[in-house]
Amino acid sequence: MIDLENLMKDAPEREADIPLPSMEEQKRIVAELKALEEKGELTPEILEKYFGGKQSN
Numbered sequence: 016m017i018d019l020e021n022l023m024k025d026a027p028e029r030e031a032d033i034p035l036p037s038m039e040e041q042k043r044i045v046a047e048l049k050a051l052e053e054k055g056e057l058t059p060e061i062l063e064k065y066f067g068g069k070q071s072n
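What follows is the structure, encoded as structure tokens:
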């Protein structure tokens, strides 16, 4: 039988959930990313800013 307590103890720490931006903010981000893509300026660094999983303050 699997010991759940030991599994939880050995599991990696999970970062706190980051709240999603408002719908208006999401629309603004999409428009910005589309514009950058059309200009050929959409870089991995820019995508990391939005989808990297960490929020910069």
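For the sequence shown, the working numbering gives the first residue as 16, with consecutive numbering after it.
Cβ atoms here follow ideal geometry from the backbone N, Cα and C, with glycine treated the same way.
Run of the alpha helix (DSSP H) containing residue i, from where it starts to where it stops
i            : result
leucine 82   : No information on residue 82 is available, as it lies outside the stretch 16 to 72 that the chain covers here.
glutamate 60 : 59-66
Test item: CB-CB of residue i and residue j under 8 Å
i           : j             : result
leucine 35  : leucine 48    : no
tyrosine 65 : isoleucine 44 : yes
Pairwise C-alpha distance: residue j and residue i
i            : j          : result
glutamate 39 : alanine 46 : 11 Å
glutamate 60 : glycine 67 : 9 Å
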